[in-house]
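Residue numbers (our numbering), protein chains in the order written: chain A, 1 to 10; chain B, 1001 to 1213. Some notes on the structure that comes next.
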Amino acid sequence: SSQPPNHDEL
Amino acid sequence: MNAFRLLADLTHLLSIIILLVKIRTTKSCAGISLKTQDLYVLVFISRYLDLFTRPLSLYNTPFKLVFLATSITIVYYMRYHKVVKQTYNKDSDTFKHYFLILPCAVLAFFINPKFTFIEVLWSFSIYLEAVAILPQLVLLQSSSNIDNLTGNYVFMLGAYRALYLLNWIYRFFAEDVVRWIPWIAGLVQTALYADFFYYYIKSWRNNERLKLP
C-alpha cells in the first residue's frame, strides 16, 4: 500500500 | 485498545512518575543515568513529531505530550537544578551513548515501513528506545546500593515494553495486526532487562536491598 502506516500505539 | 496495552501505557507513565517523585522529594538524581534520559528525549521528539501531522486522539495525544514534557523536565532537573545536578553520578555514567545513535539512524534509513521523513524518524525512535536503557543498566551495575525508587523506576520501565509484547500477541490473534519493526525492537528492549528483572525479583522475595553483581 502507498499509504503511510497507521501508528496507533505509543 | 486492550487491557495489556492500557496496563502497558499506565506502567510507562507510572515509571516516569516514580522518577519525578524521587527527584522532587529527595532532591536527588543519584543512580539515574543522564545519558539514558537524554536518549529518551531524543526518542520522544523523533517519534512524536507526528503530533503535527496526525489527527488528535483523545488517548494517544495526551500521552505523547506528557512523555515529551516529563522527559524534558527530568533532563532539565538533572542538568540545571542547582541541588539536583550535584547528586548526579557523572563519573559512573560512563556509557558512550552517542555510539548508539548512529547505528539506529542507519538501521532506520534502511528498515522502515515507508521511506518518508516521519517514518524514518519513527523507526529511528523505535530502535533507539530499545537500547536507550543501556547507560542506565551500566550505571546501576557500578552502584553499590540502589535505592528503592530507582529500582522501581527501572523495573516499571522494563515491564512496560514486556506488557506491549502481550498486547502485540493479543492483537495478532484478535485483529490480525502484524508489525515486525516494533515487535523485534520490543523483544530486544525487554530482553535487555532480563538480568535486572532476575535480581530485582530475587531481592524483593528475599526482602533485601537491590544490588546488581
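Note that beta-carbon positions come from the ideal geometry of N, C-alpha and C, so glycine has one too. Please read these numbers as outputs of a predicted model, since none were measured by experiment.
Secondary structure remark: continuous beta strand (DSSP E) runs of at least 3 residues inside the segment 1157 to 1194 of chain B: none found. Here the alpha carbons of V1021 (chain B) and F1095 (chain B) stand approximately 25 Å from one another. For A1003 (chain B), the enclosing alpha helix (DSSP H) has its first and last residue at A1003 to T1026. Ranked by Cα distance from Y1193 (chain B), the options B:W1183, B:S1144, B:N1148 and B:V1138 are led by B:V1138. Going by C-alpha positions, Y1098 (chain B) is about 11 Å away from T1036 (chain B). C-alpha of Y1048 (chain B) to C-alpha of Y1059 (chain B): approximately 14 Å in a straight line.
Going by DSSP, A1030 (chain B) is part of no alpha helix (DSSP H) at all; its letter is neither H nor E. Taking the CA atoms as reference points, L1212 (chain B) sits about 20 Å from S1015 (chain B). Taking a contact to require three or more Cβ pairs closer than 8 Å, the segment 1197 to 1207 of chain B and the segment 1030 to 1045 of chain B do not qualify as touching.
Taking a C-beta distance under 9 Å as the contact criterion, Y1088 (chain B) and C1029 (chain B) qualify as a contact pair. Going by DSSP, S1071 (chain B) is part of the alpha helix (DSSP H) stretching over N1060 to Y1080.
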